[in-house]
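A quick write-up on the structure given underneath.
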């Protein structure tokens, strides 16, 4: 009988500890979400094509497609998305239906909260000073808890700088820490620097300036050796719609080893809603 109660007590202690971890995770998600939301400009200037006069022609074409004249230059977006997400591999794709929400506030950071149908949920967070990947099953049981080092921060930085290109273009207008360079007549490279972090992203545009492909060398460990190194990453953009004066893709496919025979598009997002909220903090 004593063994039974010891077992019950142990299970209760484990359950309470897992619940505390889950509560703390939810709290830090919310805290970072609010912090990033507070970086939204309170009195934003409005877009004028003359702002990009000094940029390479493909970059000018891109901005004049992505931002309508007179648009308030809001740099923080809240995004709801569905689509497909794979935790598998190129050999075994194992796509699952995903539901996710995100706040994107480049170059400061992002929070991405994911829910999959097999009781897996969690979040990714990245900033210039911290980062994490946290996933759990049944809302409690930890499956992955990563981050807290420069390698993980650098990988996260690459992700949200690339996403800023197509979802929050005002964040990449020329200014401190943002440099645009010419590649060729239909592509340009943006380099974003923040503290010790720096990321270059190549943007390919069509004749109207619509971005169709983004690609970059991303610092990650998505390789058989699980060693952090620069590897090709990128994706395709489509289904552009106008939201608050911005033209952004509602469909994004992206993955590792972009441009090679081993391209693995583990992320296939279809946006449901996008909002550039006012700063009320």
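Numbering (the numbering used here), first residue to last: 7 to 287. Glycine residues also receive a C-beta, built at the ideal position from the N, C-alpha and C atoms. These numbers come from a predicted model, not from an experiment.
| said: DSSP has residue 38 in a bridge; who is on the other side? | reply: Residue 38 is not bridged to any residue.
| task | Please confirm whether residue 139 and residue 123 have their CB atoms less than 8 Å apart. | result | Result no, Cβ atoms of residue 139 and residue 123 do not sit closer than 8 Å.
| task | Please determine, among 172, 241 and 74, the residue with the shortest C-alpha to C-alpha distance to residue 112. | result | The shortest C-alpha to C-alpha distance from residue 112 to any of 172, 241 and 74 is the one to 172.
| Contact set for residue 189: own chain, Cβ-Cβ below 7 Å, skip 5 residues either direction | Excluding residues up to 5 positions away in sequence, 195 and 208 lie with their Cβ nearer than 7 Å to the Cβ of residue 189 in the same chain.
| Assuming residue 132 and residue 120 make a contact with CB atoms under 8 Å, what is their CB distance in whole Å? | Between residue 120 and residue 132 the Cβ distance is about 14 Å, and since that is not below 8 Å, they are no contact.
| request: Would you check if the distance between the CB atom of residue 264 and the CB atom of residue 254 is smaller than 8 Å? | output: Going by C-beta atoms, residue 264 is not nearer than 8 Å to residue 254.
| Coarse secondary structure for residue 187, derived from DSSP in three states | Note: residue 187 maps to strand in three-state DSSP.
| Beta-ladder partner(s) of residue 52, from DSSP | Answer by DSSP bridge pairing, in chain order: 78.
| Is DSSP giving residue 234 helix, strand or coil here? | Here residue 234 sits in coil by DSSP.
| message | Can you tell me whether residue 241 is buried or exposed? The criterion is at least 16 other CB atoms within 10 Å of its CB, across all chains shown. | response | Residue 241 is buried by the Cβ-count criterion.
| request: Confirm, please, whether the CB-CB distance from residue 153 to residue 109 is below 8 Å. | output: No, they are not a contact pair.
| message | Pop quiz: residue 211 and residue 192 are said to be a contact at Cβ under 8 Å. What is the actual Cβ separation, rounded to whole angstroms? | response | The beta carbons of residue 211 and residue 192 sit about 6 Å from each other, so the pair counts as a contact at 8 Å.
| Using DSSP with H/G/I as helix, E/B as strand and the rest coil, what is residue 272? | Residue 272: strand per DSSP, three-state reduction.
| Which first and last residues belong to the beta strand (DSSP E) in which residue 138 is found? | Residues 137-143.
| field | Anticipated Cβ contact below 8 Å, residue 65 with residue 186, distance rounded | value | Going by Cβ atoms, the distance from residue 65 to residue 186 rounds to 5 Å, so yes, they are a contact pair.
| said: Give me, in chain order, the residues of the same chain whose beta-carbon lies closer than 7 Å to that of residue 19; leave out the 5 immediate sequence neighbours on both sides. | reply: Low confidence applies to residue 19: its pLDDT is 46, below 50, so where it sits in the model is not reliable, and the reading given next is rough at best. Within the same chain, no residue comes within 7 Å of residue 19 by CB-CB distance, once the 5 residues on both sides are set aside.
| task | List the DSSP bridge partners of residue 208. | result | Residue pairing of residue 208 in beta bridges, as defined by DSSP: 195 and 221.
| task | For residue 45, collect the residues of the same chain with a Cβ closer than 7 Å to its Cβ; drop the 5 residues on either side in sequence, then sort them by chain order. | result | Around residue 45: 82, 111 and 114.
| query | Taking Cβ positions, are residue 180 and residue 61 nearer each other than 8 Å? | reply | In terms of Cβ geometry, residue 180 and residue 61 form a close pair [threshold 8 Å].
| task | Give every residue of the same chain whose Cβ lies closer than 6 Å to the Cβ of residue 14, excluding the five residues on either side of it in the sequence, and list them in chain order. | result | Its pLDDT being 49, under 50, residue 14 is placed unreliably in this model, and the value from its coordinates should be taken loosely. Around residue 14: no qualifying Cβ.
| task | State the Cα-Cα distance for the pair residue 52 and residue 244, rounded to the nearest angstrom. | result | Cα-Cα distance, rounded: 26 Å.
| Spatial distance of residue 267 from residue 284 (CA atoms) | Going from the Cα of residue 267 to the Cα of residue 284 covers about 43 Å.
| message | Just to confirm before moving on: does the CB-CB distance between residue 224 and residue 234 stay below 8 Å? | response | No. Outside cutoff.
| Identity of the residue in 90, 36 and 85 nearest residue 100 by Cα | When only C-alpha atoms are compared, the closest one is 90.
| request: Compute the distance between the beta-carbons of residue 198 and residue 215, then report whether it is under 8 Å. | output: Not a contact, by the Cβ cut-off of 8 Å.
| query | Going by other Cβ atoms of all chains shown within 10 Å of its Cβ, with 16 needed for buried, is residue 271 buried or exposed? | reply | By the neighbour-count rule (16 or more Cβ atoms within 10 Å), residue 271 is buried.
| Reference residue 219, options 85, 59, 143 and 259, closest by Cα | For residue 219, the nearest C-alpha among the options comes from 259.
| task | Report the rounded CA-to-CA distance for residue 143 versus residue 262, giving the unit in angstroms. | result | Taken atom to atom, the span from the alpha-carbon of residue 143 to that of residue 262 is near 25 Å.
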